[in-house]
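S.K.:
Numbering (this note's numbering), first residue to last: 7 to 299.
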């Protein structure tokens with residue numbers, strides 16, 4: 007039985023933040039919309055959430071952070087994901103090279119890797135750490151062990167990395183099973199001055215791409231350009247992003263979060279038995295409404 011909110015949106019995707027901890031300090035980070043989280047969930051609590059998601063017929067789960075590879079029990083968490091659910095991981099890639107094979111063996115399907123620059127000096131400026139070589143090694147390891155397609159999440163920052171678009175396209179062309187996601191900065195969280203409207207980029211891709219594929223989720227388009235696959239993610243200026251949202255989030259401290267952009271409608275599910283948790287999943291879905299209309 008799929009859950010459905012009052013706007014007719016079926017909930018097929020679960021996004022679980024495993025930890026607020028991260029080994030980077032990206033200046034624009036929105037921390038998955040978390041505000042001062044308490045202790046992170048245990049392996050057993052996460053397993054119970056996954057069991058409930060399976061009960062409601064959810065088709066996919068994405069593990070996020072913080073940086074999920076900061077958890078030493080990550081492979082055990084992955085192994086708890088029901089076989090019929092597609093599993094993916096969003097990571098900064100710095101710790102991925104040494105774990106990619108174990109994650110694949112545990113059952114992980116694919117990864118999203120955050121990388122906003124191919125310049126080592128800029129990487130240090132954006133993240134506060136000199137770890138670009140480790141990220142590149144993580145990308146190679148993900149491709150080698152079949153955690154594919156690898157999606158490269160590139161947040162476009164005005165006057166910081168917006169001159170690297172061609173460099174990223176060339177990077178993707180040299181690697182099979184790698185998809186670029188150029189992401190518009192969600193400036194609401196930090197009143198950040200680096201926001202850049204990606205509409206002109208998408209209009210240019212519409213004119214120059216050989217093939218354009220419309221994805222089911224959010225009706226987002228995939229542009230095929232000279233051997234590179236490119237997606238544009240514009241959640242703040244695309245009402246379809248909200249209109250077709252099929253996602254329910256779980257914070258690292260065990261609260262159901264109906265919307266990334268709101269912190270006033272969470273549902274606490276810690277310490278509940280299985281039947282209570284099912285009812286709280288229903289309650290959280292009833293609290294969902296499009297942030298942008």
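Where a beta carbon is used, it is the ideal one built from N, C-alpha and C, also for glycine.
So, at 6 Å on beta carbons, what are the nonlocal neighbours of residue 69 in its own chain, with the 5 sequence-adjacent residues on each side left out?
M.R.: Apart from sequence neighbours up to five positions away, the residues of its chain that approach residue 69 with a beta-carbon distance below 6 Å are 22, 24, 95, ordered along the chain.
S.K.: Within 10 angstroms of its Cβ, does residue 93 collect 16 or more other Cβ (buried), or is it exposed?
M.R.: buried
S.K.: Using the rule of at least 16 other Cβ atoms within 10 Å of the residue's Cβ for burial, across every protein chain shown, is residue 7 buried or exposed?
M.R.: Burial check for residue 7: the Cβ neighbour count within 10 Å stays below 16, so the residue is exposed.
S.K.: What is the C-beta distance between residue 100 and residue 149, in whole angstroms, given that I count them as a contact (C-beta under 8 Å)?
M.R.: With a Cβ gap of about 16 Å, residue 100 and residue 149 do not count as contacting.
S.K.: Rounding to the nearest angstrom, what Cα-Cα distance links residue 32 and residue 291 in this structure?
M.R.: Each residue's Cα considered, the two are about 31 Å apart.
S.K.: Bridge partners of residue 19, per DSSP?
M.R.: 66, 253
S.K.: Would a C-beta distance cut-off of 8 Å place residue 160 and residue 187 closer than the cut-off?
M.R.: yes
S.K.: Is the beta carbon of residue 112 closer than 8 Å to that of residue 84?
M.R.: Less than 8 Å divides the Cβ of residue 84 from the Cβ of residue 112.
S.K.: Write down the C-beta distance between residue 234 and residue 179 rounded to the nearest angstrom, noting that I regard them as a contact closer than 8 Å.
M.R.: 5 Å
S.K.: Determine the closest residue to residue 29 out of 67, 74, 40, with distance taken between C-alpha atoms.
M.R.: 74
S.K.: Tell me the DSSP secondary structure of residue 275 in three-state form.
M.R.: coil
S.K.: Between the beta-carbon of residue 191 and the beta-carbon of residue 34, is there less than 8 Å?
M.R.: yes
S.K.: Could you give the distance in angstroms between the alpha-carbon of residue 39 and the alpha-carbon of residue 265?
M.R.: It is roughly 9 Å from the alpha-carbon of residue 39 to the alpha-carbon of residue 265.
S.K.: Hey, could you find the ends of the alpha helix (DSSP H) residue 1 is sitting in?
M.R.: Residue 1 is absent from the structure shown; the chain starts at 7 and stops at 299.
S.K.: Just curious, the beta strand (DSSP E) that residue 188 is in, first and last residue?
M.R.: 184 to 190
S.K.: Under a CB-based cut-off of 8 Å, is residue 260 close to chain B?
M.R.: Here chain B cannot be found, since the structure has a single protein chain.
S.K.: Rounded C-beta distance between residue 273 and residue 261? I'm assuming under 8 Å.
M.R.: 6 Å
S.K.: Apart from the five residues on each side of it in sequence, which residues of its chain come closer than 6 Å, Cβ to Cβ, to residue 11?
M.R.: 291, 294
S.K.: Do you know how far the Cα of residue 184 is from the Cα of residue 316?
M.R.: Shown here, the chain extends from 7 to 299; a query on residue 316 therefore has no answer.
S.K.: Leaving out the 5 sequence neighbours to the left and right, which residues in its chain are closer than 6 Å to residue 27 when beta-carbon positions are compared?
M.R.: Cβ within range, chain order: 72, 76.
S.K.: Could you check if residue 255 is buried or exposed, using at least 16 other CB atoms within 10 Å of its CB as the buried criterion?
M.R.: buried
S.K.: Can you give the Cα-Cα distance for residue 226 and residue 173, rounded to whole angstroms?
M.R.: 23 Å
S.K.: Roughly how many whole angstroms lie between the Cα atoms of residue 176 and residue 288?
M.R.: 45 Å
S.K.: With respect to the beta strand (DSSP E) encompassing residue 102, which residues constitute its N-terminal and C-terminal limits?
M.R.: Unbroken run through residue 102: none, as it is neither H nor E.
S.K.: With residue 262 as the anchor, note down where its beta strand (DSSP E) starts and where it stops.
M.R.: From DSSP, the beta strand (DSSP E) with residue 262 extends over 261 to 263.
S.K.: Could you compute how far the alpha carbon of residue 125 sits from the alpha carbon of residue 146?
M.R.: 17 Å
S.K.: For residue 229, which of helix, strand or coil comes out of DSSP?
M.R.: strand
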